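A quick write-up on the structure given underneath.
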Amino acid sequence: MTDVRVPHLSANWNYPTAIRAGAGRVRELPSLCFEFGMRAPLLVTDPGLASLPFINNILNLCEENGLRVDMFANIKGNPTGQNVIEGLTVFRTGEHDGILAVGGGSALDAAKAIALMAGQSRPLWDFEDLEDNYLRVNEDAMAPVIAVPTTAGTGSEVGRSSVITDEEAEIKRIIFHPRMLPAQVILDPELTCGLPTNITAATGMDALSHNLEAFCAPSFHPMAEGIALEAMRLISVYLPRVVADGNDLDARMQMLVASSMGATAFQRGLGAMHALAHPLGALFDAHHGLLNAILMPYVLRANESAIGEPMERLARHLDLPNPGFGGVLEWVYQLRLDLGIPNTLQEIGIDGEQAERIGRMAVADAAAASNPVAFDAADYRDIFLNALTGTAPS
Ligand SMILES: [Fe+2]
5 MTDVRVPHLS
15 ANWNYPTAIR
25 AGAGRVRELP
35 SLCFEFGMRA
45 PLLVTDPGLA
55 SLPFINNILN
65 LCEENGLRVD
75 MFANIKGNPT
85 GQNVIEGLTV
95 FRTGEHDGIL
105 AVGGGSALDA
115 AKAIALMAGQ
125 SRPLWDFEDL
135 EDNYLRVNED
145 AMAPVIAVPT
155 TAGTGSEVGR
165 SSVITDEEAE
175 IKRIIFHPRM
185 LPAQVILDPE
195 LTCGLPTNIT
205 AATGMDALSH
215 NLEAFCAPSF
225 HPMAEGIALE
235 AMRLISVYLP
245 RVVADGNDLD
255 ARMQMLVASS
265 MGATAFQRGL
275 GAMHALAHPL
285 GALFDAHHGL
295 LNAILMPYVL
305 RANESAIGEP
315 MERLARHLDL
325 PNPGFGGVLE
335 WVYQLRLDLG
345 IPNTLQEIGI
355 DGEQAERIGR
365 MAVADAAAAS
375 NPVAFDAADY
385 RDIFLNALTG
395 TAPS
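Every position in the sequence shown, counted from 1, becomes a number in our numbering once 4 is added.
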């Protein structure tokens, strides 16, 4: 007889890191702590989750198994350098020896940055992803991380970087080191079942944007292409299902995997959606996934001349009724509609006053480098303005 707590969608993978996938597997957390030499982990999570029963259950589970565990949850939706420094103080003061990163992209990114900083003597921004700054990191001083995502979108659990807002400079900086890839990941769909519908939709669209931008990036990386293509099929099937029924465990599992696949694939690069979403997130503190979801069709249109071939393949793989670019664009518009995603940036309170600045910030963003078309600042400004008011470019 099948154990209902461990359905057929359960597996252990070692790619791109050690992953335990399956419903209920968060209960393996204490034994994994011991495996990674942790006796006093710091649980880093989002403030919205800190008081939820499942976080309390994790804390109790750890304590019952002889771990000394503490929690840090003072993290903004777009985590800041100050959040990381504060978490680092808690980590050091509590003499912790590892980090349990439990939450959405904000908590995971902040947690990974705190773990990187654990024993460093340099300030955080010295490790920004510029040139070979990552070589400044004392690897032995990094703390181990076990990542448990509670949203399916960011894929940060399998990423080697964190996006942290520099509040003083009003920009998002990427902190990178190859060993920021968490040592262990648990993908447990039970933890994502409580997500509100709008967050499920927005985070799912972030996963789509990762796969879509990676798939369109103009570089030689067939492995990433294959992962992105299949992840987009999973999203096309399962994102509408999780939005229709948040307790559909199989669909929740598939979305968690598609999200991890997105962050695995975007080692190939991202593109203009993220190049614009980063400055907009920094300036307006808007939800990252929602920004990408709104920007998606406007960026696709702007890239149209350069992505005909990959869109042909995507349309075939998704078995869309209309082939090619037009079919994919129709699918994106319909998906956004079905998920209740607004069509314009102004609907989420963004205005055009800083359009020129946003254009300049987008072209300077790391994600711009791998967009299929080398847009300049004026192009980015125009895409932003199209997405602001819903103007379809000619
Ligand atoms: Fe993203």
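Glycine is no exception: its CB is placed at the ideal position from the N, C-alpha and C atoms.
As the structure is a computational prediction, the values presented were derived from the model and not from experiment.
CB contact flag (residue i, residue j, <8 Å)
i, j, result
"M259", "A111", "no"
"D400", "I23", "Outside the modelled stretch of the chain, which goes from 5 to 398, sits residue 400, for which no answer is possible."
"I409", "L128", "With the chain represented from 5 up to 398, any question about residue 409 goes unanswered, as that position is not in the structure."
"G266", "A206", "no"
"L65", "P45", "no"
"V48", "L104", "yes"
"M257", "P182", "no"
"L349", "I298", "yes"
"P283", "I168", "no"
"T268", "V162", "yes"
"A211", "Y384", "no"
"G102", "T158", "no"
"R29", "I190", "yes"
"D74", "G91", "no"
"P77", "F95", "Before going further, note that residue 77 is Ala rather than Pro in the sequence given. Going by C-beta atoms, A77 is not nearer than 8 Å to F95."
"A119", "M146", "yes"
"N375", "N307", "yes"
One or two residues paired with residue i in a DSSP bridge
i, result
"N16", "R24"
"N151", "Residue 151 is actually Ala in this sequence, not Asn. Paired residues: A105, V189."
"S166", "I179"
"F288", "According to DSSP, F288 bridges with nothing at all."
"V48", "F76, A105"
Residue burial classification, residue i (beta-carbon count within 10 angstroms, cutoff 16)
i, result
"E357", "exposed"
"D342", "exposed"
"R12", "Residue identity check: residue 12 is His in the sequence provided, not Arg. By the neighbour-count rule (16 or more Cβ atoms within 10 Å), H12 is not buried but exposed."
"N16", "exposed"
"E351", "exposed"
"P186", "buried"
"Y302", "buried"
"R9", "No answer about R9 holds up, because its pLDDT of 49 lies below 50 and its placement is not dependable."
"A25", "buried"
"L392", "buried"
Q.
If contact is defined by three or more beta carbon pairs under 8 Å, each pair taking one atom from either stretch, is the region 280–297 in contact with the region 223–237?
A. Under the three-pair Cβ rule at 8 Å, the region 223–237 does not count as touching the region 280–297.
Q | the region 210–224 in contact with the region 368–387 per 3-pair CB rule at 8 Å | A | Contact holds: three or more Cβ-Cβ distances are below 8 Å.
(Q) Going residue by residue through the region 58–141, where are the continuous beta strand (DSSP E) segments of at least 3 residues, counting only ones entirely within it? (A) Entirely contained in the region 58–141, the beta strand (DSSP E) runs reaching 3 residues are, in chain order, 74–76, 102–107.
Q | Segments of 4+ residues assigned as alpha helix (DSSP H) that fall wholly inside the region 292–318 | A | DSSP runs (the alpha helix (DSSP H)) wholly in the region 292–318: 292–307.
Q.
With three or more beta-carbon pairs closer than 8 Å as the criterion, would you say the region 130–145 touches the region 86–95?
A. The region 130–145 vs the region 86–95: no contact.
(Q) Is it the case that the region 267–279 contacts the region 330–345, given that we only count it when at least three CB pairs across the two stretches are under 8 Å? (A) By the Cβ rule, the region 330–345 does not count as touching the region 267–279, because fewer than three pairs are nearer than 8 Å.
(Q) With three or more C-beta pairs closer than 8 Å as the rule, is the region 294–313 touching the region 234–253? (A) Cβ pair count under 8 Å is below three, so no.
(Q) Suppose only complete runs of 3+ residues qualify. What are the beta strand (DSSP E) ranges in the region 189–277, listed by chain order? (A) Listed in chain order, nothing qualifies, since the region 189–277 has no complete beta strand (DSSP E) run of 3 or more residues.
Q: At 4 residues or longer, and completely inside the region 326–369: list those alpha helix (DSSP H) runs for me, N to C.
A: Those alpha helix (DSSP H) runs which fall completely within the region 326–369 and span 4+ residues are 328–343, 359–368.
(Q) Tell me whether the region 243–250 and the region 196–205 touch, counting them as touching only if at least three CB pairs, one residue from each stretch, are closer than 8 Å. (A) The region 243–250, when compared against the region 196–205, does touch it at the 8 Å Cβ threshold.
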